[in-house]
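In the working numbering, the protein residues as written are 5 to 371.
As C-alpha cells, this is what we get:
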C-alpha cells in the first residue's frame with residue numbers, strides 16, 4: 005500500500021511539473037476560491053437550518069403554552085372528556101402537531117392524541133409514564149424543548165407544565181413535525197456544497213477552453229502573416245474584430261505591413277530610377293559596354309557591345325557573360341573577371357568596356 009502511494013505521488017509530481025508557473029498559480033487560485041465559496045455556502049445553508057430549527061422550537065413552545073392555558077382549568081375540574089374533545093379538535097386543526105400527551109403529577113400518562121389509555125386495566129397492561137428531569141417542578145414555569153429522530157424526520161418535543169392557580173397538575177407533552185425547510189436543507193447541504201465546488205471548477209475550465217479557442221485563431225493568423233511578410237509579401241493584413249491587447253497587436257502588425265509596403269514601393273522606384281540612369285549611361289557610351297552583376301550575369305549591353313560580340317538581337321540579359329563571349333575573348337577574360345569579382349564582392353555591378361577588334365585588350369571597370 006505504501007509503495008502504491010509513493011508511486012502515485014511520483015506520478016502526480018511529474019504531471020504537476022509539466023505545467024507552467026502561470027498555470028500552477030491559476031489552479032491554486034481556483035482551488036482557494038472554490039474552497040472559500042464552498043465554505044460560505046455550507047455556512048449559509050447550515051445557518052438557514054439552525055434558524056429554522058430555532059423557529060420550530062419557538063413555535064412548539066408557544067403552541068404548548070397556548071394549549072396548556074386552555075386545558076389547565078378543565079384538568080383542575082377533572083373534566084378529562086372535555087380535555088380529550090378539545091385536544092382532538094386542536095390536533096385535527098393543526099397540521100404541524102404530531103402528538104399530544106397528558107401525564108399526571110407522577111408522570112403517568114392518562115390521555116394521548118391520537119392514542120389514549122385503554123379503558124380496561126388488567127395485569128397485562130403496560131404502564132406508560134413520562135420521565136422528566138428531577139428539577140422540572142422547580143422550573144415548572146419554563147417549557148422544556150428537545151428533539152428526537154424518527155423515520156419521518158426529526159420531531160420537536162415540548163414539555164409544558166400544567167399549572168392552575170399555582171397548583172401543579174401534571175405535564176403536557178406536544179410533538180411538532182419538522183419544518184419542511186429544515187428537512188430539505190439537512191438533505192441538500194452536502195449536495196449544494198459539492199455542486200458549488202464542481203460548478204466553480206467547471207466554469208474555470210470552460211472559460212479556459214473558450215479563451216484558448218478564441219486566442220488560437222488570431223495567433224494562427226499572426227503566424228501566417230509573419231511568414232508572408234518574411235517571404236516578401238508586404239500586402240499581408242489581418243482583419244479580425246478583437247479588442248484589448250490582442251486587438252492592439254493585430255493593429256500593430258497591420259501598421260508594420262503598411263510601412264513595409266511603402267518602403268518596398270519606394271525601394272522599387274529608386275531601383276527603377278537607378279536602372280534607367282545606368283541604361284542611359286551605357287547607351288551613350290561610344291565603345292561597347294556591358295554591365296554585369298556580382299554573379300557575372302548580364303544586366304545591360306549597348307548596341308556597340310552587341311555588334312562587337314555578335315549578339316545581335318539575341319536576349320542575353322540575365323545570362324552569365326562568360327558563356328556568351330566568343331571563345332578567344334572568354335579565354336582571355338575568364339581569370340580577370342573572376343579576380344575582379346573576388347576583389348569587389350561588395351559591389352552590386354561591374355562595367356565591362358568592349359573595344360573594337362583593332363584595339364588592344366578590353367577594359368574592366370568596377371562600378
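Beta carbons: idealized from backbone N, C-alpha and C, even for Gly. Since we're looking at a predicted model, the values are computed, not measured.
{"Asked": "C-alpha distance - residue 107 paired with residue 165, whole-angstrom precision", "Found": "10 Å"}
{"Asked": "Terminal residues of the alpha helix (DSSP H) in which residue 346 lies", "Found": "331 to 347"}
{"Asked": "Three-state secondary structure (DSSP) of residue 151", "Found": "strand"}
{"Asked": "Nearest-angstrom beta carbon gap, residue 291 and residue 276 [assumed within contact, 8 Å]", "Found": "Not confirmed; about 26 Å, so no contact."}
{"Asked": "Contact between the segment 196 to 213 and the segment 30 to 37 (3+ Cβ pairs under 8 Å)", "Found": "yes"}
{"Asked": "Under 9 Å between C-beta atoms of residue 64 and residue 117", "Found": "no"}
{"Asked": "Which listed residue (101, 273, 247 and 238) has its alpha carbon closest to that of residue 264", "Found": "238"}
{"Asked": "CB contact flag (residue 109, residue 172, <9 Å)", "Found": "yes"}
{"Asked": "Residue 251 versus 293, 226 and 283, residue with shortest Cα-Cα distance", "Found": "226"}
{"Asked": "Residue 155, buried or exposed, once every other Cβ within 10 Å from all chains shown has been counted against 16", "Found": "exposed"}
{"Asked": "Boundaries of the beta strand (DSSP E) in which residue 177 is found, first to last residue", "Found": "171 to 180"}
{"Asked": "C-beta contact flag for residue 233 and residue 244 at 9 Å", "Found": "no"}
{"Asked": "Residue 301 - partner residues in DSSP beta bridges", "Found": "324"}
{"Asked": "Cβ of residue 164 within 9 Å of any chain C Cβ", "Found": "Of the chains in the structure shown, none is chain C; there is only one protein chain."}
{"Asked": "Spatial distance of residue 325 from residue 220 (CA atoms)", "Found": "52 Å"}
{"Asked": "Which listed residue (169, 262 and 57) has its alpha carbon closest to that of residue 80", "Found": "169"}
{"Asked": "Buried versus exposed call for residue 217 [16 or more other C-beta atoms within 10 Å across all chains shown]", "Found": "exposed"}
{"Asked": "Residue 130 in three-state terms, based on DSSP", "Found": "In this prediction, residue 130 has a pLDDT of 48, which is less than 50 and means its spatial position is unreliable; what the coordinates show is noted afterwards. Coil, per DSSP."}
{"Asked": "Whether residue 71 touches residue 105 by CB criterion (9 Å)", "Found": "no"}
{"Asked": "Neighbour-count burial assignment, residue 375, 16 or more Cβ in a 10 Å radius", "Found": "Limits of the chain in this structure are 5 at one end and 371 at the other, which puts residue 375 out of reach."}
{"Asked": "Three-state secondary structure (DSSP) of residue 261", "Found": "helix"}
{"Asked": "Residue 26 versus residue 273: straight-line alpha-carbon distance, rounded", "Found": "49 Å"}
{"Asked": "Endpoints, beta strand (DSSP E) assigned at residue 90", "Found": "Looking at the DSSP string, residue 90 is not in any beta strand (DSSP E); the run it does join, the alpha helix (DSSP H), is 84 to 97."}
{"Asked": "Residue 124 (DSSP reduced to helix, strand or coil)", "Found": "Its pLDDT being 39, under 50, residue 124 is placed unreliably by the model, and the measurement read from it follows with that caveat. Three-state result, residue 124: coil."}
{"Asked": "Residue(s) in a DSSP beta bridge with residue 118", "Found": "For residue 118, which the question treats as bridged, DSSP gives no partner whatsoever."}
{"Asked": "Of the residues 278, 300, 134 and 306, the one placed nearest residue 288, counting alpha carbons only", "Found": "306"}
{"Asked": "Residue 89: CB within 8 Å of a non-hydrogen atom of the ligand SAM", "Found": "Annotation note on the ligand SAM: not contained in the displayed structure, which lists no ligands."}
{"Asked": "For residue 62, the first and last residue of its enclosing alpha helix (DSSP H)", "Found": "25 to 80"}
{"Asked": "Rounded separation between residue 24 and residue 16 - CA only", "Found": "15 Å"}
{"Asked": "Assigned secondary structure, residue 201 (DSSP; H/G/I helix, E/B strand, else coil)", "Found": "helix"}
{"Asked": "Closest by C-alpha distance to residue 228, when choosing among 44, 258 and 52", "Found": "258"}
{"Asked": "Neighbourhood of residue 61 by C-beta, 7 Å cutoff - its chain only, sequence neighbours within 5 removed", "Found": "149 and 160"}
{"Asked": "Beta carbon of residue 334 nearer than 9 Å to that of residue 327", "Found": "yes"}
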